[in-house]
Each structure stands twice: as structure tokens, then as C-alpha cells.
Amino acid sequence: MKLLSGSPLTDKSQTILVSLEWTERLDKRPTDRTSDDLDIIFSKLKDVKAFEKFHPLLIQQLCYYSYFENLEKGVTRDLGTNWFAILSGNVDVCVPSENGKGHTLICSLGAGAAFGESILYDTPRNATIITSSSVMLLRVEQKDFKILWERNKQYLHGVITSLSQLTNTL
Numbered sequence: 768m769k770l771l772s773g774s775p776l777t778d779k780s781q782t783i784l785v786s787l788e789w790t791e792r793l794d795k796r797p798t799d800r801t802s803d804d805l806d807i808i809f810s811k812l813k814d815v816k817a818f819e820k821f822h823p824l825l826i827q828q829l830c831y832y833s834y835f836e837n838l839e840k841g842v843t844r845d846l847g848t849n850w851f852a853i854l855s856g857n858v859d860v861c862v863p864s865e866n867g868k869g870h871t872l873i874c875s876l877g878a879g880a881a882f883g884e885s886i887l888y889d890t891p892r893n894a895t896i897i898t899s900s901s902v903m904l905l906r907v908e909q910k911d912f913k914i915l916w917e918r919n920k921q922y923l924h925g926v927i928t929s930l931s932q933l934t935n936t937l
């Protein structure tokens with residue numbers, strides 16, 4: 768994993784420097800994070816566009832459960848067991864082509880977007896995500912996202928967008 772230390776996020780109104788200190792703290796196992804770690808992570812996440820509509824209590828919980836990922840352009844991985852928020856960069860949302868060869872581009876998502884909510888319902892993914900640039904992501908594992916959902920339905924309902932709605936309209 769290549770870290771883009773000191774690289775600004777793409778949205779200038781939400782410019783946040785991704786510091787080595789911040790990402791190192793997100794790389795720790797949640798049970799190993801100190802209160803100081805959580806405070807530093809929170810100080811960054813509260814200003815991230817993806818979380819502008821999130822209640823501060825939910826952001827605090829994301830500080831505990833999330834991990835930082837940095838992916839290069841062109842990466843396709845099995846992302847069906849995690850929820851992601853894009854901190855910087857862009858991804859393409861694709862579905863298999865009708866002829867079975869390759870993918871059809873549905874849309875592109877950038878900083879502030881999130882995907883992977885189908886993990887709440889244990890349903891198969893409706894789309895494949897392919898990085899179209901270097902991408903910095905916040906990742907929450909399925910078991911942890913379900914905990915966040917159960918504890919925070921009142922904050923998450925209506926905030927989490929659904930790619931399945933988009934891909935089912937095709």
C-alpha cells in the first residue's frame with residue numbers, strides 16, 4: 768500500500784491534508800486505538816465531505832471502526848464485504864455488459880460519495896467498483912457496519928445512498 772502523505776484531498780473547499788500520523792492511527796486495530804488516536808481521527812473525519820450530514824456521535828464511532836485504504840488507478844477488488852467512503856479520487860461504477868464481455872459504466876463517484884451498503888442485507892453486489900484514479904478510502908468491515916447501523920439507524924437512514932437503486936433502473 769503506497770501512502771500519499773501530505774497530498775490534499777481533491778475538493779478544495781474540504782481540503783484536508785492526509786498526514787502520516789492520521790493514517791497510521793487508522794491502520795491500527797480498533798482495539799489498539801487510544802483516546803488520543805480517536806481524537807486525531809475525529810478531527811480529520813468531521814471535516815470530510817462524505818460525512819457532512821453525519822451526526823457527530825456517528826463520526827466518533829466511525830473513528831473506532833474504520834480503516835484507511837489507498838488504492839492505485841485501475842484496481843478492482845472484492846469489495847463486497849465492506850462499506851467505503853471516498854476521501855479523495857474517483858471510482859467507476861460498472862455492471863457486466865449484456866454480451867458478458869467486459870463492463871458497462873453506470874456512473875463515476877468522487878470525494879464525498881460512499882458505497883457498499885448492500886452489506887447490511889447480505890445481498891450480492893449489483894455493481895463492480897473500479898478505481899479511475901488513485902483513491903483514498905475509509906473502509907468499514909461488514910460486521911462493524913452492521914453494528915453502526917443498529918446503533919445509529921436514526922442518523923444513517925436517508926444518509927446512506929444506494930447503488931442498488933441506480934443499477935436496478937437499467
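In this text, residue positions in the sequence shown follow the working numbering: the first is 768, and each later residue adds one.
Even glycine gets a Cβ: it sits at the ideal position worked out from N, Cα and C.
Quick caveat, the model's predicted, so the values are computed rather than measured.
Bounds of any alpha helix (DSSP H) do not take in Asp889, whose DSSP letter is neither H nor E. Taking 8 Å as the cut-off, the beta carbon of Ile873 is found no closer than this to the beta carbon of Gln909. Secondary structure of Asn866 (DSSP, three-state): coil. Annotated three-state conformation of Phe821 is coil, per DSSP. About 18 Å separates the CB atoms of Leu825 and Leu904; that is not less than 8 Å, and the two are not in contact.
The Cβ atoms of Val842 and Thr801 lie no closer than 8 Å to each other. Counting of Cβ neighbours within 10 angstroms places Asn866 among the exposed residues, the total staying below 16.
In this structure Thr848 is not in contact with Cys861, their Cβ atoms being roughly 19 Å apart against a cut-off of 8 Å. Under DSSP, Asn837 takes part in a beta bridge, and its partners are Met903. It is roughly 13 Å from the alpha-carbon of Lys816 to the alpha-carbon of Ser810. In the three-state DSSP reduction, Asp859 falls in the strand class (E or B). With a contact defined as Cβ atoms closer than 8 Å, Ser875 and Val858 qualify at about 7 Å. Residues Tyr832, Ser833 and Trp850 of the same chain have their beta carbon placed closer than 6 Å to that of Val907, with the five preceding and five following residues left out of the count. Taking a 10 Å sphere around the C-beta of Arg796, we find fewer than 16 other C-beta atoms and assign the residue as exposed.
Note on Asp803: under 16 other CB atoms within 10 angstroms of its CB, so exposed under the neighbour-count rule.
When the Cα atoms are used, Ser864 and Trp789 turn out to be separated by approximately 40 Å.
With fewer than 16 other Cβ atoms from the protein chains shown falling within 10 Å of its own Cβ, Gly869 counts as exposed.
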